[in-house]
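Numbering (my numbering), first residue to last: 894 to 1300.
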């Protein structure tokens, strides 16, 4: 990073601190300090461009990017606390899949498999855009929005005077509700990114018989079985200590002043776009429209939802549940530069599932399925072949690369 870009980042972070202070008093000051510490390592090249130009560029990317535009047949599952969970089903196209299945399996084709995709924290089902595009028509898929994310309702148990914190265990029960509604019978392949992978582990902990009887394969992408409280997020020791000490309380305070904080978040959009890129991607040649798409997904998560979910991760420990997936075809995949769930966490999962395929994607960040869609989808397609879900590896086609021509 050049001295100029470092200075710009620090100046922006200082401005952010002021905005957050106005939004949330002492809590705003604390979150601004955290942002400043993180921003010191981020080259925010966009700050050299005028604000009006940046706004026009974002609008142009929003208008032209195809990402997140794919839709399936909608449905609603009801969680055990009454929360309505939105899901969408993409059914097999007989003209696409049937001839291929007959060529491989003959007339005795195995029962159709449903692939259930679970997304991560502050994201939504659209974060699987590339994989959805690649597998469309070839295999039955279910994409869903976790409670309080995307098109799903706010968690009923997290509302009102008797509100209880979100737990990973609750998310596992939510996944069971979605499976019951969208895929009540037949083999399953479970795919989860980050929080979605943790949701799968909780499903295994609470419903081991479901995994043993119906799950044909599983994929854990950029996720963790526990010890997330030890992650340093690429920050120096002092910065990590500050984050661990103040962030839970800061988020609670900010969550109680959501409207003010959202205004502050909009006022510092450029800084936080840089931070999102820093913690989502590693590659320099990520398509700007993909980077902007990731921003939109994360920005759409209200600050009070961010605050509700954050404590669940420090408490998360589902290593004891992983053996229920033993003996199945399992893919464990992560980007080698993931700052949110570092590769050591994927290696720990693979250690508990020694027959799993461990894949570390070079130059990959936390949103590896958006950053390197070909690598992720090819490995998922191989997994689906091993599970008998598809007869041949899917072709990512035109949705494969985020690299710019000549980049």
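Just so it is clear, CB atoms sit at the ideal spot from N, CA and C, and this is done for glycine as well.
Query                                                                                                                         : Result
With 16 other Cβ atoms within 10 Å as the buried cut-off, status of residue 1268                                              : buried
Sheet register partners of residue 1119 (DSSP bridge)                                                                         : 1210
Cβ separation of residue 1059 and residue 1205, assumed to be a contact under 8 Å, to the nearest whole Å                     : 5 Å
Own chain residues within Cβ distance below 7 Å of residue 1216, not counting five before or after                            : 1245
Cβ pair residue 968, residue 1049 closer than 8 Å                                                                             : no
CA-to-CA distance, residue 1241 to residue 958, given in whole angstroms                                                      : 36 Å
Under the three-state DSSP convention, the category residue 1102 falls into                                                   : helix
For residue 1214 and residue 1097, the rounded distance between their alpha carbons                                           : 6 Å
Environment of residue 1109 [buried if 16+ CB atoms lie within 10 Å]                                                          : buried
Burial state of residue 978, where buried means 16 or more other Cβ atoms lie within 10 Å                                     : buried
Close-in-space but distant-in-sequence residues of the same chain around residue 966 (CB under 6 Å, 5 per side omitted)       : 982
Cβ contact (3+ pairs, closer than 8 Å) linking the segment 1020–1031 and the segment 1168–1180                                : no
Given 8 Å, three or more beta-carbon pairs between the segment 1221–1239 and the segment 1110–1121                            : yes
Assumed close pair residue 1068, residue 1088 - CB separation to whole angstroms, cut-off 8 Å                                 : Actually they do not touch by this definition, with Cβ atoms about 11 Å apart.
Where the alpha helix (DSSP H) through residue 1270 begins and ends                                                           : 1266–1279
Own chain residues within Cβ distance below 6 Å of residue 1100, not counting five before or after                            : 1069
Contact between the segment 1277–1286 and the segment 1253–1267 (3+ Cβ pairs under 8 Å)                                       : no
Residue burial classification, residue 920 (beta-carbon count within 10 angstroms, cutoff 16)                                 : Unreliable placement is indicated for residue 920, whose pLDDT of 39 sits below 50; the coordinate value is still reported in the next sentence. Buried, because 16 or more other Cβ atoms sit within 10 Å of the Cβ of residue 920.
Ordered list of beta strand (DSSP E) runs contained in the segment 1015–1048, each at least 3 residues                        : 1033–1037
Minimum C-alpha distance to residue 1185 - residue among 1195, 1196, 1172 and 1166                                            : 1166
Residues of its chain near residue 1230, where Cβ-Cβ distance is below 6 Å and the 5 sequence neighbours each way are ignored : 1175 and 1258
Selection from 1126, 1009, 1066 and 1044 that minimises the alpha carbon distance to residue 1233                             : 1126
Per DSSP, the bridge partner or partners of residue 1083                                                                      : 1009 and 1111
Proximal residues to residue 1019 (C-beta, below 6 Å), its chain only, five neighbours per side dropped                       : 961
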